[in-house]
Amino acid sequence: MQIGLEVCFKDAFPNLQSFRMASTGLDALRLANEKRPDLAILDLGLPDISGIDLIQKLREIDRDLRILLVTSCDDPSTLSVAKKLRVQGILRKDASPEYLGQALDYMELHPKTIFLEPSVAALLKEYGDIDFTPQEYKVLQHFVQGLSNPQIAEKLGCSVTTVRFHRANILQKTNIRTGAALRAWFLNWKRQSH
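See below:
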């Protein structure tokens, strides 16, 4: 698969000066530190770390790095968090190949906005583009898995008060009043998006 991608990119972009492939998120971080690329093309589904965590870590290395997601992820909450982390484009892996060129052109001409492949834009619109912060999304994921506030705080390296603050924001943004209702809402939302 990697060789096919490399050939595809070199054929599509003959003026490409340098092209590096990483098979894991940690490898991508190492390359970003060493090579300081202008553009990173990522998937959210990685074997070692979450794509959201990778985006956050890449932003710590270079806050102006252009990031294009090419992913099979169809979870609107995850895609919404990726948008919040200022990726410049989101494409589905099964999108028509010309969208890749369009996305790269758009990112070059409009660096402060985001290119959404039409099916991604439709998904975000259909399921509501709830504006969770990355930390809120992590708290939500752990909460839905059944972790208590102290367990979530330990996993995220923050205080229980911070976890409670994020949960209150999540409840406000979703207009839900109880933890049980929030779990049901999230599981239903995930089921509808797949």
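Under my numbering, the first residue of the sequence shown is numbered 6, with each subsequent residue one higher.
Heads up, the beta-carbon is just placed ideally off N, CA and C, and yes, glycines get one too.
Every value quoted in this text rests on a predicted model; they were computed, and no experiment measured them.
Determine the contact status of G56 and L49, defining contact as a CB-CB distance below 7 Å.
yes
By a C-beta neighbour count over all protein chains shown, 10 Å radius and 16 as the cutoff for buried, is H148 buried or exposed?
Per the sequence presented here, residue 148 reads as Phe, with His not at that position. Within a 10 Å sphere around the beta-carbon of F148 sit 16 or more other beta-carbons, which makes this residue buried.
Is T166 helix, strand or coil by DSSP?
helix
Per DSSP, A45 forms a beta bridge with which residues?
Per DSSP, I72.
Determine the closest residue to R71 out of L114, S85, P52, with distance taken between C-alpha atoms.
Considering only alpha carbons, the answer is L114.
Go ahead and pull the three-state DSSP assignment for G151.
G151 carries a coil assignment under DSSP once its states are collapsed to helix, strand and coil.
So what does L96 bridge to, in DSSP terms?
V75
For K130, the nearest candidate out of M26, L192, L84, D32 (CA to CA):
L84
How big is the Cα-Cα spacing for L96 and G30?
Approximately 19 Å, taken between the alpha carbons.
C-alpha distance - Q22 paired with Q177, whole-angstrom precision
47 Å
For the stretch 24 to 40 against the stretch 72 to 79, do three or more pairs of beta-carbon atoms, one drawn from each stretch, fall closer than 8 Å, so that the two count as touching?
No: the two stretches stay apart, fewer than three of their Cβ pairs being nearer than 8 Å.
Should N154 and V168 be called a contact, given that it needs their Cβ atoms to be closer than 7 Å?
Against a cut-off of 7 Å, the Cβ pair of V168 and N154 comes out as a contact.
So, using beta-carbon positions, are V86 and P139 closer together than 7 Å?
yes
Let me confirm a value: H199 is counted as buried when at least 16 other C-beta atoms fall within 10 Å, else exposed. Which label applies?
Unreliable placement is indicated for H199, whose pLDDT of 46 sits below 50; the coordinate value is still reported in the next sentence. H199 should be labelled exposed.
Would you mind reading off the limits of the alpha helix (DSSP H) that contains G50?
Run containing G50: none; DSSP gives neither H nor E here.
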